[in-house]
Amino acid sequence: MNVLVIGGGGREHALVKALSRSKHTENIHAVPGNSSIEKYADVHSDIKDSDIDRIVELAKKENITWAVIGPEAPLNAGLADALEAAGVKVFGPRKLEAQLESSKAFAKKIMFKYDIPTAAYQTFTNLIEAAEYVKQEGAPIVIKKDGLAAGKGVAVAMTETEALDALKEMFAEGEDNPVVIEEFLEGEEFSLMVLVNGEYTLPFNIVAQDHKRAYDGDTGPNTGGMGAYAPVTHIGADVIGEAVSKIVKPMADAMVKEGLDYFGVMYLGAIITKDGVKTIEFNARFGDPEAQVLLELLESDFIDVLEAVRNKESYELQFSSDSMLGVILASKGYPKDYVKGSSVVIPDELEDKIFNSGLRHVKDESYETAGGRVMLVTGRGSTLEEAKQAAYNNTKQIEFNNDALFYRNDIGERGV
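Numbering-wise, UniProt numbering puts 45 at position 45 of the sequence shown, and it's gapless, one number per residue.
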């Protein structure tokens, strides 16, 4: 069958690789794709992932059976709705269901209505009222933009001053979009991917751990993710079971009760608190960079998995017993202003160990940066310690100017 992947980052690079391993895949198309995805797919770099009409036209022309939508923005724009209307099987929720990620206020409202464990919160559309609430509650406290923010619209403020500064920044563009203010939850975080079709749920039986802060020791601003590893062996099956039974399954059921029909990945960002597992956030797509390490460990045929979820069939996901760890190389200044166009040299033997998030191929082994998060450099091993060592050894073989890129040195340290 012919398959279409929407998106052009590291997550989509991983999705394309996973689909290329399926016995059912004949041709893969990617919109807009990137230079690394070209190895596995026909890349349509002239089409933007926001150009719904042209994507639908391409799907019809290439006789696409399955479309897998990677990023959140096309989901929020209704791409799944349009492709489904054209007769394509789509893995990714429709616009209404994608509100689970595109509106934090929407997700919070459902969680509180159906008693799904999460942090206490208030929603504000006025800076003065929001600032008064912060002063009343004190710090630490969490400030979130309501809409999509590419993983960067969250401020974990440890002081009242940080919280007020974050509010000013989030309200700088006007007071049309709400800001959600949450209580600060303390504990260990993890990322769980669950494949959902209405009330049907198929959880990954391993979890990943992301590293959101920009710098070592979990310091600096929140980012879209600076690295990840899987499995998280010190978080047991009992914790994963609690997350599924008390959070994910109730959320899937709640969406159905609300008249919604969710089909796609339900990403749970969870935290283990003294009061049990609680929800930090839901996303409506695979996490990035978690997808890169999880999908590399997935041994099940990805098309078989999609068909099982679509048909609501019992299915047992198979993962390698290995560990995978990935380190993000990011442009200096990320997640705020950064410069593009810096030179990067990647040895040929490392091509299959990197996931391209923001790299443009120039010639031979030469690339130039084209984004904030530039690439995820991975390592694999029979233990997490081996995977970590391999990932950092691979990172050291990549040539770049230290004034152009940076990375964290402590990815996976907690797990090790």
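C-beta atoms are modelled at their ideal positions from N, C-alpha and C, and glycine is treated no differently.
Secondary structure of residue i, DSSP reduced to three states
i	result
residue 104	helix
residue 286	coil
residue 319	strand
residue 36	coil
residue 122	strand
residue 11	helix
residue 378	strand
residue 417	In the structure as shown, the chain starts at 1 and stops at 416, and residue 417 therefore has no counterpart that could be examined.
residue 273	strand
residue 328	strand
residue 42	strand
residue 384	helix
residue 241	helix
residue 230	strand
residue 291	helix
residue 416	coil
residue 392	helix
residue 30	strand
residue 268	strand
residue 399	strand
residue 373	strand
residue 309	helix
residue 256	helix
residue 281	strand
residue 299	coil
residue 48	coil
residue 367	strand
residue 411	coil
residue 248	helix
residue 339	coil
residue 6	strand
residue 116	coil
Beta-carbon proximity check, residue i vs residue j, cutoff 8 Å
i	j	result
residue 120	residue 278	no
residue 202	residue 18	no
residue 155	residue 139	no
residue 410	residue 216	yes
residue 56	residue 82	yes
residue 11	residue 70	yes
residue 255	residue 330	no
residue 208	residue 228	yes
residue 31	residue 123	no
residue 345	residue 365	yes
residue 125	residue 178	yes
residue 68	residue 127	no
residue 415	residue 232	yes
residue 297	residue 230	yes
residue 286	residue 206	no
residue 309	residue 167	no
residue 324	residue 380	yes
residue 276	residue 242	yes
Anticipated Cβ contact below 8 Å, residue i with residue j, distance rounded
i	j	result
residue 369	residue 404	7 Å
residue 79	residue 192	At roughly 25 Å, the Cβ-Cβ gap does not stay under 8 Å, so residue 79 and residue 192 are not in contact.
residue 401	residue 101	With a Cβ gap of about 35 Å, residue 401 and residue 101 do not count as contacting.
residue 170	residue 135	Not confirmed; about 16 Å, so no contact.
residue 359	residue 374	6 Å
residue 335	residue 372	6 Å
Own chain residues within Cβ distance below 7 Å of residue i, not counting five before or after
i	result
residue 220	213, 214
residue 86	56, 59, 60
Sequence-distant residues of its chain with Cβ nearer than 6 Å to residue i (five each side left out)
i	result
residue 362	368
residue 46	none
residue 64	2, 4, 88
residue 259	none
residue 290	191, 208, 210, 228
residue 261	198
residue 376	10, 289, 292, 326, 328, 355
residue 97	260, 262
residue 8	32, 33, 34
residue 189	271
residue 244	203
residue 303	22, 24
Cut-off 8 Å between Cβ atoms - residues of its own chain near residue i, not counting five sequence neighbours on either side
i	result
residue 20	28, 40, 41
residue 321	382
residue 301	21, 22, 23, 24
residue 250	114, 115, 116
residue 36	13, 351, 354, 355, 356, 359, 361
Closer than 8 Å to chain B by CB, residue i
i	result
residue 117	The structure shown contains no chain B; it holds only a single protein chain.
- Enumerated in chain order, which unbroken segments of the beta strand (DSSP E) with a length of 3 residues or greater are wholly contained in the stretch 53–95? 64–69, 89–91
- Message: Which runs of the alpha helix (DSSP H) at least 4 residues long sit entirely within the stretch 143–227? Give them in chain order.
- Response: Counting whole runs of 4 or more residues, the stretch 143–227 contains the alpha helix (DSSP H) stretches 160–171.
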